[in-house]
Amino acid sequence: MRKLTNLALKVIKNLGAEYGDIRITRIETENISVKNKKVEGINKKNWAGFGIRVLYKGYWGFASSSILEKKEIEKVAKLAVKIAKASGILKHEPVTFEKLSPLKDSWKSPYKIDPFEISIKEKIDLLLDVSNELLKVKGIIIGHVSCQSTKEEKIFASTENRYFTQQTIQTGAGLEAYAMKDGEVQKRSYPASFGGSFENSGWEHVLSLKLKENAKPTAKEAIALLSAPQCPSGVMDIILEGSQLALQVHESCGHPIELDRVFGTERSLAGTSFLTPDKLGKFQYGSKIVNITADATIKHSLGSFGYDDEGIPAQKTYIVKKGKFVGYLTSRETAVKLGMQSNGTMRADGFNRLPLIRMTSINLLPGKDTFNSLISGIKNGIYMAINKSWSIDDKRLNFQFACEIGWVIKNGKLKHIVKNPNYTGITPEFWNNCDGISNKKDWRVWGVPNCGKGDPMQTARVSHGVSRARFRNVKVGVGK
Amino acid sequence: MIDRKRFDRIKDIIFNSSKANDIQINYFKNTSFLTRLANSYIHQNVHENNGNIVINVIFGKKTGVASTNDLTRKGLIKALRNAEKIAKLSPEDPDYPGLPEGIQAEYYKQFNQTTDKTTPKQRAEMLKEIVKLCSEKNVNASGFISTKTDNFGVATTNGADCFASASSSSLFIITDKGLGTGFAEEIQNDFSKINFKKVAKIAIEKCILSQNSISIDPGEYTVILEEAAVGEMLTYLTYFAFGTKGYHEGRSPLVGKVGKRVFGKNITITDNWNHKKASGIPFDSEGVKRSKVSIVKDGIFKGLVYDNYYSKKFKMKNTGHALPPGMVYGPLPLNIALSKGKTSPEEMIRTTKKGILITRFHYTNISDPMKTLYTGMTRNGTFLIKNGKIAKSIKNMRFTQSIIDALNNVTQISNLQVFSGGFMGGGTVVPKLKIKQFNFTGKTDF
């Protein structure tokens, strides 16, 4: 492969580009889905190719191909330069960034059991077993279980003589129980919705989820929701469970700190950000107990890696410190505009996509509370768990989330469940009303495997470390 | 380019190398370019050349799916063996009906040489012209111009041998000045037919009209939804209400309502791949001829689309709507057209005493699928209408609204339709809609 990367870099240099890099990527994925005791789908995918990015006189070009041959690499490298030249037809301030020193390294994500060494039969048997358990609960109409394994092997080489290889193994699994009565359908998922729990781990992660043991309790909650009262409407206090809080962090903190959005280069699709550079180091994003980091070095976290797709090593940085907004997610091109250095967040969704600023693991650091102390501080409120839907405006201010299940809190005690809970708010108001975060014992990292951004669309695998947190005076039960 | 020859080679290798009872092959070849604009300059400019094959191997009532984009002989055989291994290890599906009898078809009507041969320079020059028009009005431009050709081949051991090639050019422009923004788009088969000056003019006008927005209180309002907003709403309806699998699993709000009125009498929805404004193809992933299907006629729910599996299982006609192997969504109508009405867009505004004109939505999501309760924000041009005229730009609003209720409250439909791109290569052909009692539940400060 080194010969192929050298060829690409030689062509780029010979054509006069000041910078270029090539990524050769191979991805193997295996998805298995079982629904109502039947295998719904098994899909094995092998996907490989290369992408070449060049900077010519300050303008970018990118071209990619799935044909991993010498001739094609030469052709695509030339095309990338031609595209970069075309970018220069619209004149603007040329892109510049600081030169990096040479690098040679390799990185592998940690795992115990290679998921591709586990036979498909063993995986099917596990999922069928879990599906059977779900359907044992009377009233369940759909028992759905799925697992996913991914292995990505990447080679990166640049004209700055930086070269690394990187292997990432990821697994995920989860279950869903649907209950129906009189035309009403309620769903409960475990351990999280939209596919379950995902990590940079081997098959041991799937086994650790204890899907079978959790099938019946989850299914029973789906049944209970059918006869539960609707979530009340009004302004009240809420506590968010971990996987829901992870998505809250994702949408209202993770996206607005992407510096490309801030500079307007994602305006056409994802939007911009309310966290403009004048707010850096000054703006009170949240209450003083709110501390948020971007950390690509947490072991087994879905947002961790060795190097980003510009060859910058994984890092940990503060985003919010004691409630104050102090940092962005940056790239080489954007960081320099604020007099900074990249904190290594440029990632591409495969060989055929350009790297963009993506979340790593954006974490709300643990506080001092326990779940019980969070509850005991509420007279009238709702504890909400497991995301059902999400929506936020294009500057990341006005959001609305719906959850699968809620519990009424009255006078410091957790009471009965309620169905269809949702809440809405404005990002800084919401985070400034956070007055309790549970401690380290309650903290874990949740993988989010489906973060969309860019044109053409890219899906990134990111994560969020959170525990549970309490928010005061939130508008609940919207649109009833 | 039309890539039929490579598909023929792949078919030969796969069919001659497998010992399975039956095989289904789907071939996808994508050559695309996208030039992206932000802050009135080109910040991203990309090309992709990718081809992949999906192989479905069948042993009796066992099936196995594998896919690869390594189209060398070695890569194809590896994928085939993976599929065979999966099929052998999979439990039998007693409902699996085997492959349907396929047709032989070639469809190149959507292939366009001009689009296929468009150069990076041509795309950049078009954006340069747009930026020039925007600069004259002190407006920034963002968005993209993309050109692509997709090839889709289907072959089965039950007679299917189909190939289609389709080109598409999309121009998508967002304008901004201060807090005001605007939007316009155009999708054409032929790059040279894109009226970029018109697109720029609409986006600029919206942006200028969006200055000095006022804030209004949430509540129920009459709205006029422009095509992008209608298309997005219908796309959600397609997935959550018109999805055949969800319907038969009891997850659709339309369960048990065939033959009953579900929307207002003025709503007619058809899945029609051959609509003159659509971009469909005449066969599905199993090589079955795709039919035009009436889904809602004059507000009455007529039925769904089917593939071979669901048509046999539920004794319905196979309408040729199978998705590629490995996709677990079940058959979906991907070429939805909402019939046009008789009112001109100007008349829709002129006859509105008080209402809101919505250009498009942002980050929409279904929070209660059985009610089709749908939330999201307005974006890129939201205007208050008073006494038949656009009175003022308003700050963006959050809506939380049942789509089914909205389609029961349509009071006017425009006399023009536009193609609006959708998911999985589909899209919707939609007019503008005037809807009463549309529910807004929040607002933002821009």
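So the sequences go chain by chain: A and B. For what it's worth, our numbering labels the leading residue of the first sequence as 140, then goes sequentially. For what it's worth, our numbering labels the leading residue of the second sequence as 42, then goes sequentially. Positions of the beta carbon are idealized from the N, C-alpha and C atoms, including for glycine.
Check, Outcome
"Can you tell me which of the three DSSP states A/L348 falls into?", "coil"
"Using the Cβ count rule (16 or more neighbours within 10 Å means buried), how would you classify B/N97?", "buried"
"Going straight from the alpha carbon of B/F237 to that of B/F355, what length do you get?", "48 Å"
"Looking at C-alpha atoms only, which residue of B/Q453, B/I66, B/Y277, B/I118 is the closest neighbour of B/F193?", "B/I66"
"Taking the alpha-carbon of A/V613 as reference, which of A/V374, A/N175, A/E232, A/N182 has the nearest alpha-carbon?", "A/V374"
"Classify B/K126 as helix, strand or coil using the three-state DSSP reduction.", "helix"
"Compute the distance between the beta-carbons of A/Y446 and A/Q305, then report whether it is under 8 Å.", "yes"
"Give the C-beta separation of B/T263 and B/K475 to the nearest angstrom, bearing in mind that I take them to be a contact with Cβ-Cβ under 8 Å.", "7 Å"
"Since A/A316 is in the beta strand (DSSP E), which residue starts that stretch and which ends it?", "301 to 320"
"Buried or exposed: which applies to A/Y424, given that a residue is buried once 16 or more other Cβ atoms fall within 10 Å of its Cβ?", "buried"
"Mapping DSSP to helix, strand and coil, what is A/R141?", "helix"
"Sorted by chain position, which residues of the same chain lie with C-beta nearer than 6 Å to B/K383's C-beta, five sequence neighbours on each side aside?", "N456"
"I need the boundaries of the beta strand (DSSP E) containing B/K317, first residue and last residue.", "Segment: none, B/K317 is in no beta strand (DSSP E) and carries neither H nor E."
"Verify whether the separation of the beta carbon atoms of B/I444 and B/M274 is less than 8 Å.", "yes"
"Taking just the CA atoms, how far does B/M438 sit from B/T531?", "Residue 531 of chain B is absent from the structure shown; chain B starts at 42 and stops at 487."
"Taking Cβ positions only, does B/T405 come closer than 8 Å to chain A?", "yes"
"In its own chain, which residues sit with a C-beta less than 6 Å from the C-beta of A/Q287, not counting the 5 before and 5 after it?", "N170, G311"
"Return the chain-ordered list of same chain residues with a C-beta closer than 8 Å to the C-beta of B/G367, the five sequence neighbours on each side being excluded.", "V95, N97, V106, S108"
"Against chain D, with Cβ distances strictly below 8 Å, would A/E323 count as a contact?", "Going by chain labels, chain D is absent from the structure shown, which instead holds the protein chains A and B."
"If B/T276 sits next to B/T485, beta carbons under 8 Å apart, how far is it from one beta carbon to the other, in whole angstroms?", "With a Cβ gap of about 24 Å, B/T276 and B/T485 do not count as contacting."
"Please state if the CB of B/F487 and the CB of B/L220 are separated by a distance shorter than 8 Å.", "yes"
"So the candidates are A/A187, A/Y158, A/L143, A/E167; which of them puts its Cα closest to the Cα of A/K214?", "A/L143"
"To the nearest angstrom, how far is it from the Cα of B/R327 to the Cα of A/G393?", "Per the sequence shown, residue 327 of chain B should be read as Glu rather than Arg. Their backbone Cα atoms lie some 42 Å apart in a straight line."
"Please report the distance separating the alpha-carbon of A/D581 from that of B/T188.", "50 Å"
"Return the first residue and the last residue of the beta strand (DSSP E) that A/W199 is part of.", "198 to 204"
"Do you know how far the Cα of A/F303 is from the Cα of A/M140?", "12 Å"
"Any Cβ of chain B within less than 8 Å of the Cβ of A/T201?", "Per the sequence shown, residue 201 of chain A should be read as Phe rather than Thr. Chain B, which has a Cβ nearer than 8 Å to the Cβ of A/F201, makes this yes."
"Are any of the Cβ atoms in chain B nearer than 8 Å to that of A/K320?", "no"
"Using a Cβ cut-off of 9 Å, pull out every chain B residue sitting near A/S288, in sequence order please.", "The premise fails here: A/S288 is roughly 13 Å from chain B at the closest Cβ pair, so nothing lies under 9 Å."
"For the region 373 to 387 of chain A against the region 578 to 598 of chain A, are there 3 or more C-beta pairs whose distance is under 8 Å?", "yes"
"Between which two residues does the alpha helix (DSSP H) containing B/E387 stretch?", "386 to 391"
"So, helix, strand or coil for A/Q454, using DSSP?", "coil"
"Could you spell out where the alpha helix (DSSP H) holding A/E568 opens and where it closes?", "566 to 571"
"If we define contact as Cβ-Cβ less than 8 Å, is A/Q454 a contact residue for chain B?", "no"
"Can you find the residues in the same chain that come closer than 7 Å, C-beta to C-beta, to A/A331, ignoring five residues on each side of it along the sequence?", "G313, S382, I525, W585"
"For B/D202, collect the residues of the same chain with a Cβ closer than 6 Å to its Cβ; drop the 5 residues on either side in sequence, then sort them by chain order.", "Q145, A196"
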